[in-house]
Amino acid sequence: DAGITQSPRYKITETGRQVTLMCHQTWSHSYMFWYRQDLGHGLRLIYYSAAADITDKGEVPDGYVVSRSKTENFPLTLESATRSQTSVYFCASSGLDSEAFFGQGTRLTVV
Amino acid sequence: RKEVEQDPGPFNVPEGATVAFNCTYSNSASQSFFWYRQDCRKEPKLLMSVYSSGNEDGRFTAQLNRASQYISLLIRDSKLSDSATYLCVVNMAPGGKLIFGQGTELSVKP
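Chains as they are written, first to last, in our numbering: chain A, 51 to 161; chain B, 1039 to 1148.
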């Protein structure tokens, strides 16, 4: 099916563990984004990518790592999870100067 | 200064009211502008793109003022189903990153 999918949808992990959130899109969009949304806050950009092998920091990149070896995939890794990283994470993709389409989100809890 | 700023909410309005949201952006080179809607922390969905000439989609009208660097969204004849959070989104040039405003919550009451 065409679209953008995130996995897992829900994740509970322990402080200090490494966790990877997956994002896959089937449109061959150039741009991909990772956002986090905390209760009562808007979406804050963590990292984005303009093409395969090109990534750049957003507003809140600390504690996160991304890679984009293939156009369709944009995984986000929390190297050593902290409680402050408990959040809802959204992945999105877009073409050049066009609207973004979002995945359904991953609800991550760090205990 | 935040790159994209929106009116603080929440907006509580009766059915049938007209409500307007404003959003300002800091990068004068920005090329693309959008309004998204988000329900209950689900994924945001595109409401409408914003063009320089202004555009309308049914009860919704979006305007762009490049000189003052703000965009607006007008909702006429509000419905209960319009209750949601409205997000202003700006494509920051160069580089193509999409920056969201913090969102404005709208609650339409009977």
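No residue lacks a Cβ here, since even glycine has one placed at the ideal position from N, Cα and C. The structure presented is a predicted model; accordingly, all values stated were derived computationally and were not measured.
Distance from the Cα of R118 of chain A is smallest, within the candidate group A:S148, A:G92 and A:H79, for A:H79. DSSP, reduced to helix, strand and coil, places S99 of chain A within a strand of the structure shown. For D106 of chain A, the three-state secondary structure derived from DSSP is strand.
Assignment of D1115 of chain B by DSSP, reduced to helix, strand and coil, places it in the coil class. In this structure, the alpha-carbon of F151 of chain A lies about 30 Å from that of V161 of chain A. Distance from the CA of N1065 of chain B to the CA of N123 of chain A, rounded to the nearest whole angstrom, comes to 29 Å. For I1137 of chain B, the residues of chain A that pass the 7 Å Cβ criterion are L95, in the order they occur in the chain.
Near chain B, meaning a CB-to-CB distance below 9 Å, the residues of the region 122-149 of chain A are V138, F140, A142, S144, L146, D147, S148 and E149. Along the region 1100-1132 of chain B, the positions whose C-beta sits under 8 Å from a C-beta of chain A are L1125, V1127 and N1129, read in chain order.
Counting only runs of at least 3 residues, the region 76-155 of chain A fully encloses the following beta strand (DSSP E) elements, listed from N- to C-terminal order: 81-87, 93-101, 104-107, 114-116, 126-128, 137-144 and 150-152.
Across the region 1059-1081 of chain B, CB contacts with chain A closer than 9 Å involve Q1069, S1070, F1072, Y1074, Q1076, R1079, K1080 and E1081, in sequence order along the chain. Interface residue (Cβ-Cβ distance to chain B less than 8 Å): G53 of chain A is not classified as such.
Proximity of H79 of chain A to chain B, defined by a Cβ-Cβ separation below 8 Å, is not satisfied. Taking the Cβ atoms as the reference, S1145 of chain B lies roughly 18 Å from N1060 of chain B, outside the contact range of under 8 Å. At a cut-off of 8 Å, the C-beta of H74 of chain A has no neighbouring C-beta in chain B. For R67 of chain A, there is no enclosing beta strand (DSSP E), as DSSP gives it neither H nor E. Among the CB atoms of chain B, one or more fall inside 8 Å of the CB of A100 of chain A. Ranked by Cα distance from A1055 of chain B, the options B:L1118, B:K1135 and B:R1079 are led by B:L1118. Comparing alpha-carbon positions, the option among A:M72, A:S57 and A:E64 lying closest to V116 of chain A turns out to be A:M72. Each residue's CA atom was taken as its position, placing S137 of chain A and A100 of chain A some 24 Å apart.
Taking CB atoms only, S1087 of chain B has a neighbour in chain A less than 8 Å away.
Taking every protein chain shown into account, the CB of S143 of chain A has 16 or more other CB atoms within 10 angstroms, so this residue is buried.
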